[in-house]
Structures are given as structure tokens and as C-alpha cells.
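In the order they appear, the protein sequences are chains A and B. Position 170 of the first sequence, counting from 1, maps to 170 under this note's numbering, and the rest follow consecutively. Position 181 of the second sequence, counting from 1, maps to 1181 under this note's numbering, and the rest follow consecutively. Glycine included, C-beta positions come from ideal geometry on N, C-alpha and C. Input: a single structure, listed below in C-alpha cells.
2 protein chains.
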Amino acid sequence: MTITVPVPRPETRWTRRKDARPAELLAAALDLFVERGYAATRLDDVARRAGVSKGTLYLYFESKEELFKAVIRGGLVPAIQRNERLVQDHAGTMADLLEKIIRNWWQDVGNSQIGGIPKLMFAEARNFPDLAHFYQQEVINRGYKLVGEVVELGQRRGEFPPMDTEHATRIVLAPLVFLLLWRHSFDGCDGTRIDPEAYLRVHLGIILDGLRGRPSNEPAKAPRTAADPATSRR
Amino acid sequence: MTITVPVPRPETRWTRRKDARPAELLAAALDLFVERGYAATRLDDVARRAGVSKGTLYLYFESKEELFKAVIRGGLVPAIQRNERLVQDHAGTMADLLEKIIRNWWQDVGNSQIGGIPKLMFAEARNFPDLAHFYQQEVINRGYKLVGEVVELGQRRGEFPPMDTEHATRIVLAPLVFLLLWRHSFDGCDGTRIDPEAYLRVHLGIILDGLRGRPSNEPAKAPRTAADPATSRR
DNA sequence: TACGTTCCTGACCGCCCGGTCATCAGGGGC
DNA sequence: GCCCCTGATGACCGGGCGGTCAGGAACGTA
């Protein structure tokens, strides 16, 4: 990828930057999609944030929908692929693997801009069935399968007791998705802000003890964290 | 509430039905808000579905925002109040209470039209801060406090081990919210449909075992459900 | 310096939506 | 049977947005 002129010279009205445009447009689009949602995002604004006019946007992307798909392909899909590789290569216990996946996912998705996309998809799925289908294929099904395999394998190995893996997988994923949604909607709105680290630690503790049926305190593997009282405020 | 003429006579262009209009408009609004979201719902459509013109809608509601608030006040708030009373009156274990609350909530909210509102609120919170604030006050905070009290009480009584109640409460609630969101977004989109009953049963099993740290199979209290294989299909 | 290609612009089109208001007609009261 | 209040209408306004396109500016080439 070559960038001809990183900072456009001010004396000319505009500069040719064919190579840089797509990435810049995608970045601007991600920002605005996450901030406002799909329908509420105006292509005029996306273009302006990328420093071009709306007409230019249409030189690089066929339509609003294609722009959005490109954002997903570049942002969420790679994060999933990383964990797919992790599952293939992992050797230790399934509990460890689960923890690793959760932490990876938080690093890649939760802690970055792209984490706002799931909220958006839940919101617009019914209004834009084509987008919903695309997202379900590329993100939901793959992510679900990923975690489902871990749960199922853990059960078959005897690490987890027998259970309804179908729904257990969803129970494992639900709080992760919820955290994403919360962060991009109500978080910090009314003084209530979730601390992701603590939240994920508690989640992991609960599902592991639930999945394994451990008696109680084995702080090494499943850090049930006797409630750092410092984080509790209300 | 008196209804003068239940079915408008066809020979007149319209009928006066001052008493019936608000409820009919609210019902129509709920339908459409849930179906399409807040911003995407057109007041023209709401009016038409209620059998009146847009002008009439403005006779009864000041604005789109006030219409929406009225929908929430009439639909979600009562469901919460019911459980607030339940918590006050309950005598048995906290695990039992938790189960009751979850089942109540599913009956009142999950299984009805109003269950689509949370998705909508997550979606539009950032774009409509006033609505978000209202919703957080009237629904989120109250619901959170409700469940939080149960968790905390269970812990103080020794029924649940010591833990970070703040986040544990959210982990309990997250799968419930997730189920609502799923039902009103992707559910049934790609053949993947969640069975609410089974899902909630598994959820309850996981959080109770997690919360209590039970060894494994005590099917009476915490029905861990050795996976009815019938419900598993994929 | 002059030219042709490539990249970019911004005005424009058609359509949509929240909210308003002059006007009309239903129907209770007499 | 008539009147008048009031519930109800629907055309209209201002603003906004996805998508198009004719024209113009930048830049490699010679």
C-alpha cells in the first residue's frame, strides 16, 4: 500500500490519493456506523470525515450496504479467525481455552471500535434482512460454532458434566455480547459504568463453576474473587 | 373506559372515539416501534394502523418522544412493579425467588410484544439521550436493583458464596436481556431459533450452580437437565 | 508547456418524514 | 330539527438523505 502524499498540500484544492482512500473511508464509516447506527449514518458525513466528497465515496463503494459489509469483513471476521486458529492448536483444558478465547475476544473486539458493530446489527437486523443474513453467516454462526466446539469437547472429555450444549453455549456467549452492547449504549450514561475486567472475571467464574460443578474455592483456575470491595460502588 | 361505537359505521367518514383513541394509538405504536425501531417508525404508519390520521395522533400525544415514553410507562414499568412486590413478599430461598422472577419476567415481557422495547433502547440510546435517560431511570435501574437485592441477600444469608455482587447481578441478567434481543433480531432468520424454555432452564442451572458452588447433580432445586436430547437440533 | 487520463467535486433529483393548521363534519344538547 | 362544540382530517412545510453525473482539477507524460 503506497501513500503518495500523507498530508494534502493546502495550496491545491484536492489531491489524488487513490490507494489511501478505501482505508480512510472504511475508518470513517466504522466510526460513524458505531456512533449512530446504520440507518442514521449519513454518507455525506462519512465522506466528510474521510476528507472527501460524497461522490468520491461512490467511486470506491457501490452503495451504503457494500460499504458496511466491507467494514465488517475488515474488522470482525479477522478477530474470529484468530480464535478459530487458537481452538485448532490448543492442547490444555477446555476451561483454559475458554478463558483465552474470552480474553482474546475482549482485546480484539471489546476494546476497539469494531465492538460497536454487534449492537448495530441487533438493532437493524429486522429492517435490513440482507445485512442480517450476511452478518449471521460471517460472524454469528462462526463465533457460535467456535465456542460450541469448546463446550462440547469439554463435555465429551468429562471436564464438564453432561448438559444441553446448544443452550449452554449461548449462555456462555450472552454476557459477552451484553457487555459489548452495554458499552455502546448505556455505559456511562447515568454514572453506571461496567468495569470490563472485573465483569469478565466474574463471568468466567460463574460459568466455569456452573459448567464443572466445582464445590467452591479453587482460586487458581476459577478465580471467584472474594469481591474486591474497592470496585463496588453504589 | 367507555367505548361508544366498537366498529365504526361504514357510512360515516369517521367517528368520535375520544376515550378509545389513546389505547389504540399506544397499541399501534408499540407494534411498530418493536417492529422497526424508534427512528424508523413513521407516525403516519402508527396513525394509519390505529385507524386515524396523523393529525389525530397529535391531538393525544405531544410528540413522537412522548408517545414512546407512554408506551414504556404502560408496558414495561408494570412488569417490573410486579416483581418488586414479589421480592417484598417472598419467604423461601433466594434461588427459588430468582427462578420465580425469571419465569414471571419471561411471561410478562419475553412472551409479549413489549419485549421488543429493550432491543430498541439499546439501539437508539446513543442517538436519543433523553429517551436513554428516561429508560435507565424507569426500567434498567429498577430491574437491576431488584435482582441485585436478591443476589446480595442470598449471599448475606450464606445461600450463595461471597462474591462480587455488582457484576454477578449483571451476569444473571445478561442472558435474559440477550434472549429478548435475539428474539427480536436474528431469531428464526437463518433457521436458528432459540427455545426460550430450555434456554432459561439451562441459564438457571448454570448461574445457580455457579452462585452456590454445588458439586453437581441435585436435580430437585437446580435442574441441570441432563440435556433432553430431543430439544437439540442442528 | 501542453495534453490526455484519472481522480474528485458539488449541485441536483426524487423521495421521505416529523410536525402544523385551516377546514370540515359528527353528534350531544336543546 | 338545529346549533355549536370539538374530534378528526389531510394538504402542506421545512429539512434531510441515498444516489447520480456533468464538469473540472491534478498529475504523469512528452
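For Gln136(A), the neighbours in chain B by C-beta distance under 8 Å run, in chain order, Phe1186, Cys1189, Asp1190 and Thr1192.
Across the stretch 164-185 of chain A, CB contacts with chain B closer than 9 Å involve Asp164, Thr165, Glu166, His167, Ala168, Arg170, Ile171, Val172, Leu173, Ala174, Pro175, Leu176, Val177, Phe178, Leu179, Leu181, Trp182, His184 and Ser185, in sequence order along the chain. Under a criterion of Cβ atoms nearer than 7 Å, the residues of chain A adjacent to Gly1037(B) are, in order, Ala123 and Asn127. Between Ile1072(B) and Tyr1135(B), the CB-CB gap stays under 8 Å.
Contacts with chain A (Cβ-Cβ distance below 8 Å) from the stretch 1079-1101 of chain B involve no residue at all. Assignment of Thr56(A) by DSSP, reduced to helix, strand and coil, places it in the helix class. Taking a Cβ-Cβ threshold of 8 Å, none of the residues of chain B is close to Tyr60(A); the smallest such distance is about 27 Å. Residue range Met94 to Trp105 is occupied by the alpha helix (DSSP H) that includes Arg103(A). Using a CB distance cut-off of 8 Å, Ala1132(B) counts as an interface residue toward chain A.
Proximity of chain B to Ala28(A) at the Cβ level (cut-off 7 Å) is not reached, the minimal Cβ distance being about 17 Å. Contact with chain A is found for Ala1198(B), since one of that chain's Cβ atoms lies less than 8 Å from the residue's Cβ. When Cβ pairs closer than 8 Å are counted between the two stretches, the stretch 1089-1099 of chain B is seen not to touch the stretch 1048-1065 of chain B, the count staying below three. Of the residues Ser1112(B), Ile1101(B), Ala1132(B) and His1184(B), the one whose Cα lies closest to the Cα of Val1172(B) is Ile1101(B). In this model, Ala1029(B) and Phe1068(B) are separated by some 8 Å (Cα to Cα).
For Ile114(A), no Cβ of chain B is located within less than 8 Å of the residue's own Cβ.
In this structure Val46(A) touches Leu32(A) by the C-beta definition: roughly 5 Å separates them, less than 8 Å. Rounded to the nearest whole angstrom, the CA to CA distance from Asp1209(B) to Asn141(A) is 28 Å. Counting only the Cα atoms, Tyr60(A) lies some 42 Å from Ala198(A).
Under the DSSP assignment, Gly148(A) falls in the alpha helix (DSSP H) whose first and last residues are Asn141 to Arg156.
Within chain A, the residues placing a beta-carbon under 9 Å from that of Val1202(B) are Met163, Asp164, Glu166, His167, Ala168, Arg170 and Ile171, ordered along the chain.
Below the 9 Å Cβ cutoff, chain B contributes no neighbours of Lys64(A), its closest Cβ being approximately 15 Å away. Taking a contact as a CB-CB distance under 8 Å, the pair Glu1138(B) and Val1077(B) counts as one, their CB atoms being some 6 Å apart. Among the residues of the stretch 1037-1054 of chain B, those with a Cβ less than 9 Å away from any Cβ of chain A are Gly1037, Ala1039 and Ala1040, in the order of the chain. Interface annotation, Ile1072(B): not in contact with chain A, CB-CB separation never under 8 Å. Pairwise C-beta distances place the stretch 175-192 of chain A out of contact with the stretch 1185-1197 of chain B, as fewer than three of them are shorter than 8 Å. Ile140(A) belongs to the set of residues whose beta carbon lies under 8 Å from a beta carbon in chain B.
Residue contact with chain A for Lys1069(B): absent (no Cβ-Cβ distance below 8 Å to any residue of chain A).
Contact note: Lys119(A) reaches chain B through Phe1122 and Ala1123, using a C-beta cutoff of 8 Å and chain order. Taking each of Ala1040(B), Gly1037(B) and Thr1056(B) in turn and checking the Cα distance to Thr1015(B), the smallest one comes out for Thr1056(B).
In this structure, Leu1180(B) places its C-beta atom within 8 Å of the C-beta atom of Lys1119(B). Taking a C-beta distance under 8 Å as the contact criterion, Trp106(A) and Pro196(A) qualify as a contact pair. Between Ile1114(B) and Gly1143(B), the C-beta gap is not smaller than 8 Å, which leaves the two residues out of contact. In this structure, Gln1155(B) and Thr1165(B) form a Cβ contact; the two beta carbons are roughly 6 Å apart against a cut-off of 8 Å.
In the same chain as Val1109(B), and ignoring 5 residues on each side of it, the C-beta atoms closer than 6 Å to its own belong to Ala1079 and Gly1115, in chain order.
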